[in-house]
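Undergrad: In the working numbering, the protein residues as written are 8 to 573.
Cβ coordinates follow ideal geometry from the N, Cα and C atoms, glycine included.
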Ligand code: ATP
Ligand code: MG
């Protein structure tokens, strides 16, 4: 690409509308333009990056014998009604009607359509296993599209699906996909952590996410540097020492106006960890009491996995159930309500809990004796420093971006859509499926989040829009212009992606833009060095700057690129 022939300008200032680093850099470098919330155009330099990502994903998928398809983004309701997801996708699904009034959707993910193809084509165990994928546009009406392309409403996903006759086959397909994912992210220059994740409402088997550590991430992950335990906060657990106090009778104490954990803890002079935090939620079946230790937080994803969709109860609903204000409640003496308690409370005694009477609490609460608990389960947010569930050493909690997700689906879709095969005994059985997704734009954004140093971007080589940038600092100097032109032609002939800044601009402008374009290698052609027959070769991703004889510059660039012949 010649910058003199390209009209999309870079931006000097940090755009007000962009919060995240990746969004700022993408706007400044002219990679994307926004049209509406979560709806973006990808401009030529951004498109080169996405194309590189797609190609390397393709290479790794093809290498494990996964075959590429291209499925429609428009799909009639019937298929989704069969799987039940016409309902469960809710408002995340973009819905429309065709001219005959038939209901359709813009596809948010392709399990149903791939399964329908399998149902129509796979007949017997001899046709299995199969691995299929596509790189296709997905549409999701996200509740909160994020700034930049991390969470958008129209995006590219590589989605793969595996079809097997038995669990052992699925295990092997899953392993192959997992290995391919490890290679893909490595080649894309991303350091990923593989974490156990929630299989959500679909139930089913193993499920892992590929996470890039970044403050801009929407997810939180918990990991143990000592033993390698790693899980999404949504399913993470920790080992907590049980708190036990004296074993005596419940006693009511006056706590006037003390509604919060901190207030009660100070007033009674007890640690927050010795308080029971009682929260009332409204779920499908009615009111549910949710209990965690005073120093812990309820994780709403874990909670919903336990009791389904729910919302905190309103103050009036709480008073109707307990007779008290929100700060003074607990399940003590309350019947006909489900009580779920966090595992950290199991077997604890000597605690403080609400008395269901304004301005009163109970002390010496014995959790199992007094709180009518239906079940103990993991519903708290794991905090940094808590002991690892596996080895007891301190856990780390960090924010992360989910770039990939692999999932043993089982027969959830094949049963619903009648995708069966005949086994060796001629018996019809549902095919066993796995599903594997990668967000293409998210890889681009994650690469910026992790490779932009505050002033300059350096793209990982395999996804860089241009491997080499040529910077003739003074285009009116004929010798500089000729050398630049010559190098541009020769590298292009070698099939190397090159950007040539042949604009008649100041050196400062060119350097600033080069920082945004982020080529791992640049060649700076300046008149002062040229007097000695030299140009400057910057191997930016290795932090090397060297002066090279102008006659050897092509060879030196090829050498710096390593894998190319020289
Ligand atoms: P999230 O929890 O972030 O919404 P998800 O669990 O809905 O992701 P999957 O359905 O597993 O995501 O999709 C596979 C991959 O597609 C994700 O790992 C992510 O990289 C990408 N992806 C999902 N939603 C979006 C989106 N709205 N914008 C961009 N990429 C997305
Ligand atoms: Mg999502």
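Taking 6 Å as the line, does the beta carbon of residue 147 fall inside it for any heavy atom of ligand 1?
TA: What you label residue 147 is simply residue 140 of the chain shown in a count that begins at 1. Yes, ligand 1 has a heavy atom inside 6 Å of this Cβ.
Undergrad: Here's a check: name, in chain order, each residue in its chain whose Cβ is nearer than 6 Å to the Cβ of residue 573, leaving out the five neighbours to either side.
TA: In the chain shown, residue 573 corresponds to position 566, counting from 1. Confidence is the limiting factor: at residue 573 the pLDDT is only 43, short of 50, which leaves the residue's position unreliable, though a coordinate-based value still follows. So the qualifying residues of the chain are 562, 565 and 566.
Undergrad: Classify residue 453 as helix, strand or coil using the three-state DSSP reduction.
TA: Start at 1 with the first residue of the chain shown, and residue 453 comes out as number 446. Of the three classes helix, strand and coil, the one that applies to residue 453 here is helix, per DSSP.
Undergrad: Distance, Cα to Cα, residue 376 vs residue 291?
TA: The sequence position of residue 376 within the chain shown is 369, counting from 1. The sequence position of residue 291 within the chain shown is 284, counting from 1. Rounded to the nearest angstrom, the two C-alpha atoms are 27 Å apart.
Undergrad: Between which two residues does the beta strand (DSSP E) carrying residue 139 extend?
TA: Working through the chain shown from its first residue, we reach residue 139 at position 132. Taken as a continuous stretch (DSSP letters only), the beta strand (DSSP E) holding residue 139 covers 137-146.
Undergrad: To the nearest angstrom, how far is it from the Cα of residue 15 to the Cα of residue 153?
TA: Start at 1 with the first residue of the chain shown, and residue 15 comes out as number 8. Start at 1 with the first residue of the chain shown, and residue 153 comes out as number 146. Between residue 15 and residue 153, the C-alpha separation is close to 24 Å.
Undergrad: What does DSSP give as the partner residues of residue 556 in its beta bridges?
TA: Against the chain shown, residue 556 aligns to sequence position 549. DSSP, once it has assigned bridges, lists 541 as partnering residue 556.
Undergrad: Please list, in chain order, all residues of the same chain as residue 246 whose beta carbon is under 8 Å from its beta carbon, the five residues on each side excluded.
TA: Taking the chain shown and counting its residues from 1, the one referred to as residue 246 is at position 239. Excluding its 5 nearest sequence neighbours in each direction, residue 246 has C-beta neighbours in its own chain below 8 Å: 393, 394, 395, 396 and 399, listed in chain order.
Undergrad: Only counting the same chain, and skipping five residues up and downstream in sequence, which positions put a Cβ closer than 8 Å to that of residue 149?
TA: As a first step, residue 149 is located in the chain shown; it is residue number 142 there, counting from the start. Closer than 8 Å at the Cβ level, and outside the excluded window around residue 149, lie 45, 99, 158, 159 and 160.
Undergrad: Would you mind giving the Cβ-Cβ distance between residue 361 and residue 386, rounded to the nearest angstrom? I have them listed as a contact below 8 Å.
TA: To locate residue 361, count along the chain shown from 1; it is residue 354. To locate residue 386, count along the chain shown from 1; it is residue 379. About 18 Å; that fails the 8 Å criterion.
Undergrad: What residues are listed by DSSP as bridge partners for residue 421?
TA: Locating residue 421 in the chain shown gives position 414, where the first residue counts as 1. Partner(s): none; residue 421 has no beta bridge.
Undergrad: In angstroms, rounded to a whole number, what distance separates the CA positions of residue 229 and residue 189?
TA: The residue labelled residue 229 in the question sits at position 222 within the chain shown. The residue labelled residue 189 in the question sits at position 182 within the chain shown. For residue 229 and residue 189, the distance between alpha carbons rounds to 20 Å.
Undergrad: Compute every distance between the C-beta of residue 412 and the non-hydrogen atoms of ligand 1, then say whether any falls below 6 Å.
TA: As a first step, residue 412 must be located in the chain shown, where it is residue number 405. True, at least one ligand heavy atom lies under 6 Å from that Cβ.
Undergrad: So, helix, strand or coil for residue 464, using DSSP?
TA: Taking the chain shown and counting its residues from 1, the one referred to as residue 464 is at position 457. If DSSP states are grouped into helix, strand and coil, residue 464 belongs with the strands.
Undergrad: Which complete beta strand (DSSP E) runs does the stretch 144-227 hold, if anything under 3 residues is left out?
TA: 161-171, 200-203 and 214-220
Undergrad: Quick check on the DSSP output: the beta strand (DSSP E) that includes residue 81 runs from which residue to which?
TA: If you number the chain shown from 1, residue 81 lands on position 74. Where residue 81 is concerned, the enclosing beta strand (DSSP E) stretches over 81-83.
Undergrad: By DSSP, does residue 573 sit in helix, in strand, or in coil?
TA: Taking the first residue of the chain shown as position 1, residue 573 is located at position 566. Legend: pLDDT at residue 573 = 43, less than 50; position of this residue unreliable, value from coordinates given subsequently. The answer is coil: DSSP assigns residue 573 none of H, G, I, E or B.
Undergrad: Do residue 297 and residue 241 come within 7 Å of each other at the CB atom, strictly closer than that value?
TA: Indexing the chain shown from 1 puts residue 241 at position 234. Indexing the chain shown from 1 puts residue 297 at position 290. No, these two residues do not count as a Cβ contact at 7 Å.
Undergrad: Measuring alpha carbon to alpha carbon, tell me which of 285, 330, 332 and 363 ends up nearest residue 347.
TA: As a first step, residue 347 is located in the chain shown; it is residue number 340 there, counting from the start. For residue 347, the closest of 285, 330, 332 and 363 by C-alpha to C-alpha distance is 285.
Undergrad: Determine the direct distance from the alpha carbon of residue 288 to that of residue 65, and round the result to whole angstroms.
TA: Along the chain shown, one-based indexing puts residue 65 at 58. Along the chain shown, one-based indexing puts residue 288 at 281. Distance between the alpha carbons of residue 65 and residue 288: 46 Å.
Undergrad: Answer yes or no: the CB of residue 409 versus the heavy atoms of ligand 1, is any distance below 6 Å?
TA: Working through the chain shown from its first residue, we reach residue 409 at position 402. Because some heavy atom of ligand 1 lies under 6 Å away, the Cβ of residue 409 counts as near it: yes.
Undergrad: Let me confirm a value: residue 123 is counted as buried when at least 16 other C-beta atoms fall within 10 Å, else exposed. Which label applies?
TA: Within the chain shown, residue 123 is the residue found at index 116, counting from 1. Residue 123 should be labelled buried.
Undergrad: What does the alpha-carbon distance come out to for the pair residue 495 and residue 51?
TA: Against the chain shown, residue 495 aligns to sequence position 488. Against the chain shown, residue 51 aligns to sequence position 44. Going from the Cα of residue 495 to the Cα of residue 51 covers about 19 Å.
Undergrad: How is residue 32 classed by DSSP in three states: helix, strand or coil?
TA: The residue given as residue 32 occupies position 25 in the chain shown. Here residue 32 sits in helix by DSSP.
Undergrad: What alpha helix (DSSP H) runs, 4 residues minimum, are completely inside the stretch 234-319?
TA: Secondary structure remark: continuous alpha helix (DSSP H) runs of at least 4 residues inside the stretch 234-319, in chain order: 268-275 and 307-314.
Undergrad: Give me the Cα-Cα distance between residue 83 and residue 425, rounded to the nearest whole angstrom.
TA: Numbered from its first residue, the chain shown carries residue 83 at position 76. Numbered from its first residue, the chain shown carries residue 425 at position 418. Cα-Cα distance, rounded: 17 Å.
Undergrad: Does at least one heavy atom of ligand 1 sit under 6 Å from the Cβ of residue 162?
TA: If you number the chain shown from 1, residue 162 lands on position 155. Yes.
Undergrad: Using the C-alpha atoms, what's the distance from residue 275 back to residue 265?
TA: Taking the first residue of the chain shown as position 1, residue 265 is located at position 258. Taking the first residue of the chain shown as position 1, residue 275 is located at position 268. Rounded to the nearest angstrom, the two C-alpha atoms are 10 Å apart.
Undergrad: Hey, would you say residue 32 sits closer than 7 Å to residue 464, going by beta carbons?
TA: Looking up residue 32 in the chain shown gives position 25. Looking up residue 464 in the chain shown gives position 457. Using a Cβ distance threshold of 7 Å, residue 32 and residue 464 count as a contacting pair.
Undergrad: Just to check, is the beta-carbon of residue 185 closer than 6 Å to a non-hydrogen atom of ligand 3?
TA: As for ligand 3, it is missing from this structure, which binds only ligand 1 and ligand 2.
Undergrad: Can you give the Cα-Cα distance for residue 182 and residue 118, rounded to whole angstroms?
TA: One-based indexing of the chain shown puts residue 182 at position 175. One-based indexing of the chain shown puts residue 118 at position 111. So the alpha carbons of these two residues sit roughly 19 Å apart.
Undergrad: Please work out which residues of its chain come closer than 8 Å, Cβ to Cβ, to residue 57, disregarding the five sequence neighbours upstream and downstream, and give them in chain order.
TA: Counting from 1 along the chain shown, the entry for residue 57 is found at position 50. Closer than 8 Å at Cβ, skipping near neighbours: 49, 163, 447, 448 and 451.
Undergrad: Cα separation between residue 60 and residue 466?
TA: Residue numbering aside, residue 60 sits at position 53 when the chain shown is read from its first letter. Residue numbering aside, residue 466 sits at position 459 when the chain shown is read from its first letter. About 12 Å.
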